[in-house]
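Residue numbers (the numbering used here), protein chains in the order written: chain A, 33 to 211; chain B, 6 to 129. Worksheet: one structure, shown below.
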């Protein structure tokens, strides 16, 4: 592994910390939005995935792990119950696995639109798996709704990243373009 | 490599496939005749209790969470809960056999019983 100059390391640390802060704010926004009017239990927009996806593609999967784990732990301490910690962690872990693979692709068939839909689907699959383990088959009935929600919410966050990606990743895009 | 910034054909195919899968799962759940509901069970960390679908309200406690379960017109719903998530209330009314309301923090599962359930569908 090549060592980064201390300047770049500090920048990376600062950027990761800022992304963690962003992920926390987005978790809060999500918790405050009155989405519990919809008859889908546990429905969330998945906005924190924006920060985690940016961390993964800007620096690498390790940074995404930092942002995701930090967000899950801090939201747990601030708002949530131990069971929702299990749900977030299992969803988050699957997303990180997905991002680990996606950041390593040489050539992307997808834009951020597809990437975000994949991440949302992985997140919900992880949560559904945790629910099945904890509660048996009762949770499986939610699968079609969660899948629909994954596509819609993933599309939303993906479009946001498609619109902003050019600016966020400018330095890396130029480097890849030159290589 | 950074993903593309404009929607690609692969994006569209992925979205359509997942939507079709969701539709297929939904239809298969809808078309499978669940039979008639004959009651419901409430599963708490203390055990499972069966109830009939006559109108009424019940207080259920599990893991420090208290729920008010209301039965009306053959449907069961959680109408009150003292947990901040409120996912059980969000689930709404259940009335078909196999349908369930899950309160994750209280480890409580409310499930409609009856019909001929295909045991293959029960995982876990």
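Note that CB positions come from ideal geometry on N, CA and C, so glycine has one too. None of the values given here were measured: they were computed from a predicted structure.
Are the C-beta atoms of residue i and some chain B residue less than 8 angstroms apart?
i: residue 76 of chain A; result: no
i: residue 155 of chain A; result: no
i: residue 116 of chain A; result: yes
i: residue 144 of chain A; result: yes
i: residue 205 of chain A; result: yes
i: residue 123 of chain A; result: no
i: residue 127 of chain A; result: no
i: residue 180 of chain A; result: yes
i: residue 81 of chain A; result: no
i: residue 55 of chain A; result: no
i: residue 52 of chain A; result: no
i: residue 64 of chain A; result: no
Compare the Cα-Cα distances from residue i to each of the options and report the closest residue.
i: residue 88 of chain B; options: B:97, B:108, B:99; result: B:108
i: residue 7 of chain B; options: A:53, A:182, A:122, A:93; result: A:93
i: residue 64 of chain B; options: B:50, B:84, B:92, B:26; result: B:84
i: residue 148 of chain A; options: A:54, A:171, A:122, A:181; result: A:181
i: residue 176 of chain A; options: B:29, B:13, B:44; result: B:29
i: residue 47 of chain B; options: B:67, B:33, B:37; result: B:67
i: residue 75 of chain A; options: A:114, A:141, A:179; result: A:179
i: residue 13 of chain A; options: A:208, A:166, A:142, A:203; result: No information on residue 13 of chain A is available, as it lies outside the stretch 33 to 211 that chain A covers here.
i: residue 125 of chain A; options: A:81, A:203, A:42; result: A:81
i: residue 91 of chain A; options: A:55, A:130, A:44; result: A:44
i: residue 51 of chain A; options: A:167, A:77, A:96; result: A:96
i: residue 135 of chain A; options: A:89, A:168, A:166; result: A:89
So with CB distances below 9 angstroms, who are the chain A contacts of residue i?
i: residue 117 of chain B; result: Within 9 angstroms Cβ-Cβ: nothing; residue 117 of chain B doesn't reach chain A, min ~10 angstroms.
i: residue 26 of chain B; result: 176, 179
Less than 8 angstroms between CB atoms is the rule here; does residue i satisfy it with respect to chain A?
i: residue 56 of chain B; result: no
i: residue 114 of chain B; result: yes
i: residue 4 of chain B; result: The structure shown does not extend to residue 4 of chain B, since chain B is modelled only from 6 to 129, so the question has no answer here.
i: residue 79 of chain B; result: no
i: residue 30 of chain B; result: yes
i: residue 90 of chain B; result: yes
i: residue 36 of chain B; result: no
i: residue 100 of chain B; result: no
i: residue 47 of chain B; result: no
i: residue 10 of chain B; result: yes
Give me the Cβ distance between residue i and residue j, rounded to the nearest whole Å; I'm assuming they're in contact under 8 angstroms.
i: residue 84 of chain A; j: residue 100 of chain A; result: 5 angstroms
i: residue 151 of chain A; j: residue 186 of chain A; result: 7 angstroms
i: residue 70 of chain B; j: residue 110 of chain B; result: 5 angstroms
i: residue 162 of chain A; j: residue 132 of chain A; result: The Cβ separation is near 20 angstroms, so there is no contact.
i: residue 141 of chain B; j: residue 100 of chain B; result: As shown, chain B starts at 6 and ends at 129. That puts residue 141 of chain B outside it, with no answer to give.
i: residue 86 of chain A; j: residue 205 of chain A; result: Rounded, the Cβ-Cβ distance is 13 angstroms, inconsistent with contact.
i: residue 121 of chain A; j: residue 104 of chain A; result: 6 angstroms
i: residue 119 of chain B; j: residue 41 of chain B; result: 6 angstroms
i: residue 117 of chain B; j: residue 103 of chain B; result: 7 angstroms
Along chain B, which residues have their Cβ under 8 angstroms away from the Cβ of residue i?
i: residue 149 of chain A; result: 16, 19, 20, 23
i: residue 111 of chain A; result: 89
i: residue 163 of chain A; result: 107, 109
i: residue 119 of chain A; result: 109
i: residue 183 of chain A; result: 20, 23, 24, 27
Around the Cβ of residue i, are there at least 16 other Cβ atoms within 10 angstroms (buried) or fewer (exposed)?
i: residue 128 of chain A; result: buried
i: residue 153 of chain A; result: buried
i: residue 212 of chain A; result: Lying before the first or after the last residue shown, residue 212 of chain A is absent from chain A, which here runs from 33 to 211.
i: residue 16 of chain B; result: buried
i: residue 111 of chain A; result: exposed
i: residue 124 of chain B; result: Legend: pLDDT at residue 124 of chain B = 49, less than 50; position of this residue unreliable, value from coordinates given subsequently. Exposed, because fewer than 16 other Cβ atoms sit within 10 Å of the Cβ of residue 124 of chain B.
i: residue 212 of chain A; result: Given a span of 33 to 211 for chain A in the structure shown, any question on residue 212 of chain A remains unanswerable.
i: residue 60 of chain B; result: exposed
i: residue 171 of chain A; result: buried
i: residue 115 of chain A; result: buried
Name, please, each residue of chain A whose Cβ falls closer than 8 angstroms to the Cβ of residue i.
i: residue 66 of chain B; result: Here the premise fails: no neighbours, minimum Cβ distance about 15 angstroms.
i: residue 82 of chain B; result: Per Cβ cutoff of 8 angstroms: no residues; residue 82 of chain B is ~11 angstroms from chain A at best.
Which bits of chain D does residue i rub up against, with CB to CB less than 8 angstroms?
i: residue 7 of chain B; result: Judged by its chain identifiers, the structure shown contains no chain D, and its protein chains are A and B.
Please list, in chain order, the chain B residues whose beta carbon lies closer than 7 angstroms to that of residue i.
i: residue 187 of chain A; result: 20
i: residue 94 of chain A; result: Residues of chain B passing the Cβ test: none, with the nearest at roughly 17 angstroms.
i: residue 137 of chain A; result: 6
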